[in-house]
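Here the structure is laid out as structure tokens; the discussion comes afterwards.
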Amino acid sequence: MTMNMTRRVVMAAAAVTLAFTNPAAADGHQVMDEINFLIPGGAGGGWDGTARGTGEALMGAGLIGNASYENMSGGGGGVAIAHLIENADSLQNTMMVNSTPIVIRSLTGVFPQSFRDLTLVAGTIGDYAAIVVNTDSDIMSMDDLLAAYRADGMAFAVGGGSVPGGLDHLVAASVMQAAGEDPTAFNYIPYDAGGAAMAGLLSGEIRALSTGFSEAVVLAEQGEVRILGVTSPERVPAFADAPTMMEQGLDTTFVNWRGFFAAPGLPDDKLAMMQDAIAKMYDTPEWEEVRARNGWVNIYNNGDDFRAFLEAQETEIGDLMKTLGFL
Amino acid sequence: MLEGIFIGLEAAFSVKNILMVVAGCLIGTFIGMLPGLGPMSIIAIMIPVAITLGDPAAALILLAGVYYGAIFGGSTSSILLNAPGVAGTVATSFDGYPMARKGQAGKALTIAAVASFAGGTIGAILLMIFAPALSSVALLFHSAEYFALMVVGLSAIAAFAGTGQVAKALMMTILGLILATVGEGALFNMPRFTMGMMDLQSGISFITLAMAMFALPEALFLVLNPARGASNAEGGSNKITNLRFSRAEGRAMLPVIGRQSVQGFFIGVLPGAGATIASFLGYAVERNLAKGEEQAEFGKGSVKGLAAPETANNAACTGSFVPLLTLGIPGSGTTAILLGALIALNVTPGPRLMTDTPEIFWAVIISMFIGNLVLLVLNLPLIPYIAKILSIPRNYLIPFILFFTLMGAYIGQNNATELLMLVGLGIMATIFRFADYPLAPLLIGFILGTMLEDNFARSMQLYRGLDFILQRPMTLGLLILAAFLVLLPSYRARRARKRAEGVADGD
Numbered sequence: 009m010t011m012n013m014t015r016r017v018v019m020a021a022a023a024v025t026l027a028f029t030n031p032a033a034a035d036g037h038q039v040m041d042e043i044n045f046l047i048p049g050g051a052g053g054g055w056d057g058t059a060r061g062t063g064e065a066l067m068g069a070g071l072i073g074n075a076s077y078e079n080m081s082g083g084g085g086g087v088a089i090a091h092l093i094e095n096a097d098s099l100q101n102t103m104m105v106n107s108t109p110i111v112i113r114s115l116t117g118v119f120p121q122s123f124r125d126l127t128l129v130a131g132t133i134g135d136y137a138a139i140v141v142n143t144d145s146d147i148m149s150m151d152d153l154l155a156a157y158r159a160d161g162m163a164f165a166v167g168g169g170s171v172p173g174g175l176d177h178l179v180a181a182s183v184m185q186a187a188g189e190d191p192t193a194f195n196y197i198p199y200d201a202g203g204a205a206m207a208g209l210l211s212g213e214i215r216a217l218s219t220g221f222s223e224a225v226v227l228a229e230q231g232e233v234r235i236l237g238v239t240s241p242e243r244v245p246a247f248a249d250a251p252t253m254m255e256q257g258l259d260t261t262f263v264n265w266r267g268f269f270a271a272p273g274l275p276d277d278k279l280a281m282m283q284d285a286i287a288k289m290y291d292t293p294e295w296e297e298v299r300a301r302n303g304w305v306n307i308y309n310n311g312d313d314f315r316a317f318l319e320a321q322e323t324e325i326g327d328l329m330k331t332l333g334f335l
Numbered sequence: 015m016l017e018g019i020f021i022g023l024e025a026a027f028s029v030k031n032i033l034m035v036v037a038g039c040l041i042g043t044f045i046g047m048l049p050g051l052g053p054m055s056i057i058a059i060m061i062p063v064a065i066t067l068g069d070p071a072a073a074l075i076l077l078a079g080v081y082y083g084a085i086f087g088g089s090t091s092s093i094l095l096n097a098p099g100v101a102g103t104v105a106t107s108f109d110g111y112p113m114a115r116k117g118q119a120g121k122a123l124t125i126a127a128v129a130s131f132a133g134g135t136i137g138a139i140l141l142m143i144f145a146p147a148l149s150s151v152a153l154l155f156h157s158a159e160y161f162a163l164m165v166v167g168l169s170a171i172a173a174f175a176g177t178g179q180v181a182k183a184l185m186m187t188i189l190g191l192i193l194a195t196v197g198e199g200a201l202f203n204m205p206r207f208t209m210g211m212m213d214l215q216s217g218i219s220f221i222t223l224a225m226a227m228f229a230l231p232e233a234l235f236l237v238l239n240p241a242r243g244a245s246n247a248e249g250g251s252n253k254i255t256n257l258r259f260s261r262a263e264g265r266a267m268l269p270v271i272g273r274q275s276v277q278g279f280f281i282g283v284l285p286g287a288g289a290t291i292a293s294f295l296g297y298a299v300e301r302n303l304a305k306g307e308e309q310a311e312f313g314k315g316s317v318k319g320l321a322a323p324e325t326a327n328n329a330a331c332t333g334s335f336v337p338l339l340t341l342g343i344p345g346s347g348t349t350a351i352l353l354g355a356l357i358a359l360n361v362t363p364g365p366r367l368m369t370d371t372p373e374i375f376w377a378v379i380i381s382m383f384i385g386n387l388v389l390l391v392l393n394l395p396l397i398p399y400i401a402k403i404l405s406i407p408r409n410y411l412i413p414f415i416l417f418f419t420l421m422g423a424y425i426g427q428n429n430a431t432e433l434l435m436l437v438g439l440g441i442m443a444t445i446f447r448f449a450d451y452p453l454a455p456l457l458i459g460f461i462l463g464t465m466l467e468d469n470f471a472r473s474m475q476l477y478r479g480l481d482f483i484l485q486r487p488m489t490l491g492l493l494i495l496a497a498f499l500v501l502l503p504s505y506r507a508r509r510a511r512k513r514a515e516g517v518a519d520g521d
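The structure is reproduced here in structure tokens:
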């Protein structure tokens, strides 16, 4: 209840500040007139939430004059990428949101393009991955989990909310690899969404679940699941009870990033404006509001850093997928 | 618990929250009437509004109102235009549309409204009494049982086989199952049957196929076959706008509504099932329970055939709040978005929600009673005006249907290729109709196909073979029930034929 009260006060204060400072802000430090967000999936998904949240914060903070959104689903994001490339000249104010799957899907050839065919704006937020078990389970740590797996073999089913070769599977496989096990040998059970996979875990159909950390925290706070390990380099302050994989001797880290891309051949001044707007956004209360509401972790990766990060992730995921036989 | 209910009552009846219910229901029911915009997209659009309210109870009351309001309004386009906008109202068109064609659009809309109201209200009562205890029921089903449940759902096609078209209905079901395999499945890393086309990567969209199978051929049929279109005005506009159903029809509906609100609710509680499965199962079960002439009426404008899916889908929608609120598990895309909104408002659904923030838990449930009442009061007076759409002359009505069909297919995806697919599939469907093949089994096969395959493959992988059928008694039970539902009608038909022959011999 106290939480709610504080929250309401903060919101009201934010609303008041917004009302009074907005016109001034628009004159003062507006960086761009407008940004059109291209969302490669339908309304309500993770990409949609990221684009709309970012647009809301940029506009609220007066960094841009106007934000518009265009949902374009199809081809696992490939339709939107092709659209951005084909119409590059007329899409100079467009930023496309995307995330780790752009790396995976261009590796598997779902679409012919890769991040190299686009202008890299910035990586903005991320979420770590986690391995969780039911609270009733007698598995208390990653060591216990590996012992149970070694004892039961194929009967020890690990689930996830993605296809084999997708995010959740890759995380589980890299954990197995770090533990010295054959990453292709364990029984991975795919579900079509994180929610369905979580239901599978709670119903006892699977013994462990590979999932997003923020999704896991929600259920861990309610006492429904136990987080055995998180793929962050250090413990995450938002839920410090969860041990990392690293501290349990499993040398693996992973972050599922989300970020923005622009049309190929975008003029440097335009790109600089987009990056400037995003860089300034992190310090605004409007962004903090959006970020906290969604439980996102800030990871700011600009231009060349972003490229280096993506290339490293591509190598890492590519190697793992080759080991798993998906490439 | 009683104390919680009182806190909830107090919160739900505050002026602000009553306004939220009314606003949510209004928005939901009106947008729900348009094909193409399902509850999922409406809620996604409403979330920023709800979050700025700052009050989690009010926000959830608003969004829940939009959700069941959209399910409530969704039946309108199914009944009037044969254009089901969401999968949950496909079964509504089986009998709702024939009824409207007979000139009883007003009656059909009234029955749908009353059945929805009853389903939603009885669902809310069950939710209030059993929600805390039901969280374990929600986890009762494993993939094996979901697979068996989908098989039971497929047996709904038996309803279309009764008319001497068994082979045709089966062929269309299989075609639907085949269409469902197009695209990147949940279980395979590779796209299937996309012929290298990027637009097929995510599969054929439900809304495009539904419009192509039902609404588009209907419009084309009206153009190609003027004689059939004439029956539009058959009953005259007085009959179209007449809301009344007879006392006998009311009596026939009563047990259907009673059974389906309970059955629908429990299917809704299962996170892997939901409103669509509930409506198909409701339809199949009620058809099998109906006797003789009443059974023959199904598919031709049966009162029971309309009331069953309408009750079941609304009850299931209410039931889906059980896993959402008591476990924090979303059973559908729509409830996943609701979950996101709750977390954004600092409310974490789960076992502790009821003890930590009883005012939210109970206020939302109690607001559902108010909401269903609001929907009924709001919709009944409007029915005569909505039903009048059908008395528009054909040369204006057909472009109107075409406009809504094309818009429906485009709006969800923002992809012009959908329009080409819609027209291509629509022409195919029109040819099927001329050849007298039933199209509903195709759509049922398509909707259930993905879930059927995913759950089957998952069970196979978990048990490394088909052992799950024998090792899980509930799976076996459901599969036997499905066989029974499919075989019973033909057994009955044969017995009736034999008896008739016997009488003839006796003469």
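Chains as they are written, first to last, in my numbering: chain Y, 9 to 335; chain Z, 15 to 521.
In this text, a Cβ means the ideal position worked out from N, Cα and C, and glycines have one as well.
None of the values given here were measured: they were computed from a predicted structure.
Contact under 8 Å by Cβ, residue i with residue j
i: serine 316(Z); j: aspartate 109(Z); result: yes
i: glycine 459(Z); j: serine 293(Z); result: no
i: cysteine 39(Z); j: valine 299(Z); result: no
i: leucine 257(Z); j: proline 112(Z); result: no
i: leucine 184(Z); j: valine 196(Z); result: no
Contacts that residue i makes with chain Y (C-beta to C-beta distance below 8 Å)
i: phenylalanine 202(Z); result: Val171, Pro172
Residue-level contact to chain Z via CB, residue i, 8 Å cutoff
i: threonine 29(Y); result: Reliability fails at threonine 29(Y), whose pLDDT of 38 lies under 50, so the model's placement of it is uncertain and the value that follows must be treated cautiously. So, not an interface residue.
i: glycine 257(Y); result: no
i: glutamine 230(Y); result: yes
i: lysine 330(Y); result: no
i: alanine 59(Y); result: no
i: alanine 187(Y); result: no
i: isoleucine 72(Y); result: no
i: arginine 234(Y); result: no
i: arginine 299(Y); result: no
i: methionine 282(Y); result: no
i: alanine 34(Y); result: Note that alanine 34(Y) has pLDDT 43, beneath the 50 cutoff, so the model's placement of it is unreliable and the number below is only indicative. Chain Z contact via Cβ: absent.
Candidates the options: closest to residue i by CA position
i: valine 118(Y); options: Asn31(Z), Phe259(Z), Asn203(Z); result: Asn203(Z)
i: aspartate 97(Y); options: Asn310(Y), Leu274(Y), Val226(Y); result: Leu274(Y)
i: valine 237(Z); options: Glu432(Z), Ile412(Z), Asp481(Z); result: Ile412(Z)
i: alanine 454(Z); options: Asn96(Z), Gly87(Z), Ile65(Z), Leu16(Z); result: Asn96(Z)
i: tyrosine 160(Z); options: Leu193(Z), Gly354(Z), Gly286(Z); result: Gly286(Z)
i: threonine 255(Z); options: Ala122(Z), Leu480(Z), Ala350(Z); result: Ala122(Z)
i: leucine 328(Y); options: Val87(Y), Glu223(Y), Ala180(Y); result: Ala180(Y)
i: aspartate 146(Y); options: Ile43(Y), Ile235(Y), Gly63(Y); result: Ile235(Y)
i: alanine 321(Z); options: Thr290(Z), Ala132(Z), Met164(Z), Pro231(Z); result: Ala132(Z)
C-beta neighbour in chain Y for residue i, strict 8 Å
i: glutamine 215(Z); result: yes
i: glutamine 485(Z); result: no
i: methionine 212(Z); result: yes
i: isoleucine 343(Z); result: yes
i: leucine 476(Z); result: yes
i: glutamate 24(Z); result: no
i: threonine 195(Z); result: no
i: glutamate 300(Z); result: no
i: serine 245(Z); result: Annotation note: pLDDT 47 at serine 245(Z) (below 50); position unreliable, no value reported.
i: glycine 286(Z); result: yes
Endpoints, the beta strand (DSSP E) within which residue i is located
i: alanine 65(Y); result: From DSSP, alanine 65(Y) is part of no beta strand (DSSP E) but of the alpha helix (DSSP H) over 54-68.
i: serine 218(Y); result: 216-220
i: tyrosine 2(Y); result: Residue 2(Y) is absent from the model: chain Y starts at 9 and stops at 335.
Interface partners of residue i on chain Y, CB under 9 Å
i: arginine 366(Z); result: Glu229, Gln230, Gly231
i: isoleucine 357(Z); result: Ser222, Val226, Arg301, Asn302, Gly303
Contact set between residue i and chain Y, taken where Cβ atoms lie within less than 7 Å
i: aspartate 468(Z); result: Asp200
Residue interval of the alpha helix (DSSP H) (run including residue i)
i: threonine 43(Z); result: 29-47
i: isoleucine 403(Z); result: First-last for isoleucine 403(Z): undefined, no H or E at that position.
Residue i beta carbon near the ligand HEM (any heavy atom closer than 7 Å)
i: arginine 486(Z); result: Annotation note on the ligand HEM: not contained in the displayed structure, which lists no ligands.
Where residue i meets chain Z, residues with beta-carbon distance less than 9 Å
i: aspartate 56(Y); result: Ala58
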